[in-house]
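Q:
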Amino acid sequence: MSEDEEWITIGKISSAHGIRGEVKLSLFVDESDFLADLEILFLEGRPRKEIAIKQVRLQQTQAILHIAGVEDRNEAERLRGRLVSIPLSWLPALSEDEYYVAEIIGLSVETAEGERLGEVAEVMFTGANEVYVIRGGERGEILLPAIESVIQSVDLEAERILVVVPEGLLD
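Just so it is clear: in the sequence shown, position 141 is 140 by numbering that gives the first Met the number 0, and no numbers are missing.
Here it is, written out as C-alpha cells:
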C-alpha cells in the first residue's frame with residue numbers, strides 16, 4: 000500500500016467486545032457489506048499499521064472485529080479510540096450524487112449567500128434522514144438536515160458543501 004494512495008477512514012474502535020479480544024468498530028460508512036470480504040484493515044497513524052482480521056460480524060452501525068494477535072479484553076481495550084482506514088479504491092463505487100460519510104467529514108459548509116457555517120464534524124443517522132453536525136463556525140453547532148431541499152451541492156474537490164438553510168434554523 001502506498002501512502003500516496005487516497006485513503007478513507009471507515010470507522011473508530013469504540014470499545015472492547017467480550018473477553019476474547021474482539022472490538023466494536025463504529026462505522027462511518029453507510030454500506031458495510033464489503034467488510035465481510037476484507038482480510039486486512041489499517042489503523043491510522045504514521046505509519047499506518049496493517050491489521051489482519053480473523054472475523055467480522057456486521058451489525059447496524061457497527062462491526063465486531065476479531066483482530067489477529069488481539070486475544071483478550073485488555074489488548075482490545077488498548078485499541079479504543081483508534082481510527083480504522085482502507086484505501087478508497089477498496090470501497091464499492093457509488094453513483095454520482097452519492098457520497099460516503101467519511102468523504103464529507105471535514106468539508107466546509109457554506110450558504111448560498113456565501114456565509115461559512117463551519118465544517119461537517121459528524122453525521123447522525125435518524126429514522127427519516129441523515130443530519131449533518133456542523134461545527135467551527137461563528138454560530139456554534141448547527142444540526143442541518145441532509146435533505147434535497149437543503150443540500151444544494153457537494154463538491155469533494157473543492158471540499159465544500161453549498162446549502163440553503165431552512166427558515167428559522169439559525170435564529
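Here a beta-carbon is modelled for each residue, glycine too, at the ideal position from N, C-alpha and C. On a predicted model such as this, the values are computed, not experimentally measured, just so you know.
Under 9 Å, do I13 and Q61 count as touching if we go by C-beta distance?
A: In the sequence as presented, Ile is not what sits at residue 13; that position holds Ser. Cβ atoms of S13 and Q61: closer than 9 Å.
Q: Taking its Cβ as the centre, do 16 or more other Cβ atoms sit within 10 Å of E21, making it buried, or is it exposed?
A: With 16 or more Cβ atoms within 10 Å of its Cβ, E21 is classed as buried.
Q: Starting from A101 and walking both ways along the alpha helix (DSSP H), at which residues does that stretch end?
A: Start and end: V100 to I103.
Q: Whole angstroms is fine: what's the gap from G17's alpha carbon to A111's?
A: Those two C-alpha atoms are separated by around 49 Å.
Q: Is the distance from the Cβ of L134 to the Cβ of D71 below 9 Å?
A: According to the sequence shown, residue 134 is Arg rather than Leu. The answer is no: Cβ separation not under 9 Å.
Q: Sort out for me which residues DSSP pairs V108 with in a bridge.
A: Paired residues: G117 and I160.
Q: For a test of the three-state rule: what should DSSP assign to R138, helix, strand or coil?
A: Looking at R138 - three-state DSSP - the assignment turns out to be coil, as it is neither helix nor strand.
Q: What is the DSSP secondary structure of D32, counted as helix, strand or coil?
A: D32 falls in the helix class under three-state DSSP.
Q: Find out if the Cβ-Cβ distance for the pair E49, I63 is shorter than 9 Å.
A: Going by C-beta atoms, E49 is not nearer than 9 Å to I63.
Q: Closest by CA to S25, which one among A51, E118, T8 and G117?
A: Here the closest residue by C-alpha is T8.
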